[in-house]
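Enquirer: If you read the sequence shown in the numbering used here, its first letter stands for residue 2, the second for the next number, and so on. For glycine and all other residues, C-beta sits at the position ideal for the given N, C-alpha and C. Small disclaimer: the values here were computed from a predicted structure and weren't measured. One structure is given below, represented as structure tokens, and several questions about it will come after.
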Amino acid sequence: AALEETAASMEQLTATVKQNVDNIHHSSQLARATSETANKGGKLVNHVVKTMNEITASSGKIAEITTVINSIAFQTNILALNAAVEAARAGEQGRGFAVVASEVRSLAQRSAQAAKEIDELIGESVERISAGSELVEQAGATMHDIVTSVGNVTEILNEIAQASDEQNRGISQVGEAIVEMDNVTQQNAALVEESSAAANALRDQAQSLAGSVSRFVTE
Numbered sequence: 002a003a004l005e006e007t008a009a010s011m012e013q014l015t016a017t018v019k020q021n022v023d024n025i026h027h028s029s030q031l032a033r034a035t036s037e038t039a040n041k042g043g044k045l046v047n048h049v050v051k052t053m054n055e056i057t058a059s060s061g062k063i064a065e066i067t068t069v070i071n072s073i074a075f076q077t078n079i080l081a082l083n084a085a086v087e088a089a090r091a092g093e094q095g096r097g098f099a100v101v102a103s104e105v106r107s108l109a110q111r112s113a114q115a116a117k118e119i120d121e122l123i124g125e126s127v128e129r130i131s132a133g134s135e136l137v138e139q140a141g142a143t144m145h146d147i148v149t150s151v152g153n154v155t156e157i158l159n160e161i162a163q164a165s166d167e168q169n170r171g172i173s174q175v176g177e178a179i180v181e182m183d184n185v186t187q188q189n190a191a192l193v194e195e196s197s198a199a200a201n202a203l204r205d206q207a208q209s210l211a212g213s214v215s216r217f218v219t220e
């Protein structure tokens with residue numbers, strides 16, 4: 002009876018361990034899926050950082066171009082002033098040239114103003130991009146930490162799953178051994194009963210034989 006109860010307990014324990022193993026495998030799968038998602042997120046963050054750096058580099062080139070435009074506008078303005086002075090000296094003959102010089106000067110001033118506004122806008126954009134890049138880099142570092150942590154959890158879960166599988170196999174083997182012992186015990190009990198019955202029969206036969214011998218001796 003004790004072995005039967007033990008066997009029943011082992012079956013229940015085996016079922017519980019198997020359920021735990023299934024849960025651990027499921028958790029391991031979820032951890033792997035989370036790790037893959039985190040890796041994809043990390044790659045996306047890196048791509049965003051790279052793109053922002055490229056935008057910053059392009060903004061720097063545009064700033065260089067606006068600097069050149071400012072320089073050209075400044076030189077053009079000086080040339081236009083010189084042309085206006087020369088046109089004034091030329092008198093009536095230089096009046097038409099003076100109008101052209103004035104228009105050139107006005108155009109140079111507008112170009113310089115536009116270049117200045119572009120330069121200011123680029124400066125603001127670069128500042129915002131730099132701030133965004135820092136945030137994205139921080140997010141990337143956090144994502145990297147998450148990926149590392151999830152990877153560590155996945156490894157631990159895999160180790161636990163392997164240990165649980167081995168434990169499950171060991172418990173199953175113990176359960177099978179207990180069941181086999183229970184069967185052997187029951188067989189031994191049956192043999193003992195048969196032996197006891199045979200012994201009783203043999204005793205009865207011995208007593209009967211002794212009685213017969215006793216009568217034979219008496220006669």
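Give the single residue among Ala178, Ser165, Gln188 and Ala198 whose Cα lies nearest to the Cα of histidine 26.
Expert: Selected option, being the one with the closest Cα: Ser165.
Enquirer: Under 8 Å between the Cβ atoms of alanine 1 and serine 29?
Expert: In this structure the chain extends from 2 to 220, so residue 1 is not present and cannot be described.
Enquirer: Among Ala32, Gln20, Leu14 and Ala202, whose alpha-carbon lies nearest the alpha-carbon of asparagine 159?
Expert: Nearest C-alpha to asparagine 159: Ala32.
Enquirer: Among Gln174, Leu136, Ala89 and Gly124, which one has its Cα closest to the Cα of serine 103?
Expert: Selected option, being the one with the closest Cα: Ala89.
Enquirer: Within the same chain, show all residues whose beta-carbon is closer than 7 Å to that of serine 36, passing over the 5 residues directly before and after it, in chain order.
Expert: So the qualifying residues of the chain are Val148, Val151, Gly152 and Thr155.
Enquirer: Looking at C-alpha atoms only, which residue of Asn54, Val193, Ala64 and Lys44 is the closest neighbour of isoleucine 123?
Expert: With distances taken between Cα atoms, isoleucine 123 lies closest to Ala64.
Enquirer: So which of Gly171, Glu138 and Asp205 has the shortest CA-CA distance to isoleucine 50?
Expert: Before going on, a small fix: residue 50 reads as valine here, not isoleucine. Answer by Cα proximity: Glu138.
Enquirer: With a Cβ-Cβ cutoff of 8 Å, do alanine 81 and alanine 113 count as a contact?
Expert: The answer is no: Cβ separation not under 8 Å.
Enquirer: Residues in the same chain with beta-carbon distance under 8 Å from asparagine 54, minus the five sequence neighbours each way, listed in chain order, please.
Expert: Ser134.
Enquirer: Note down the Cα distance separating alanine 140 from threonine 57, rounded to an integer number of angstroms.
Expert: So the two alpha carbons sit approximately 19 Å from each other.
Enquirer: Would you mind sorting methionine 182 into buried or exposed? The rule is 16 or more other CB atoms within 10 Å of its CB.
Expert: Exposed is the call here.
Enquirer: Cβ of arginine 111 within 8 Å of Cβ of asparagine 78?
Expert: Contact flag unset, no.
Enquirer: Looking only at C-alpha atoms, which of Ala85, Gly171, Leu45 and Asp120 sits nearest to serine 59?
Expert: It is Asp120.
Enquirer: Is the separation between the beta-carbon of asparagine 169 and that of lysine 44 shorter than 8 Å?
Expert: Contact flag unset, no.
Enquirer: Expressed to the nearest angstrom, what Euclidean distance is found between the alpha-carbon atoms of alanine 132 and glutamate 125?
Expert: Computed Cα separation, rounded: 11 Å.
Enquirer: Just to confirm, is the Cβ distance from alanine 176 to glutamate 6 under 8 Å?
Expert: Contrary to the premise, residue 176 reads as glycine rather than alanine in this sequence. No. Outside cutoff.
Enquirer: Evaluate alanine 202 with the Cβ neighbour count: other Cβ atoms within 10 Å of its Cβ, from every protein chain shown; 16 or more gives buried, anything less gives exposed.
Expert: Exposed is the call here.
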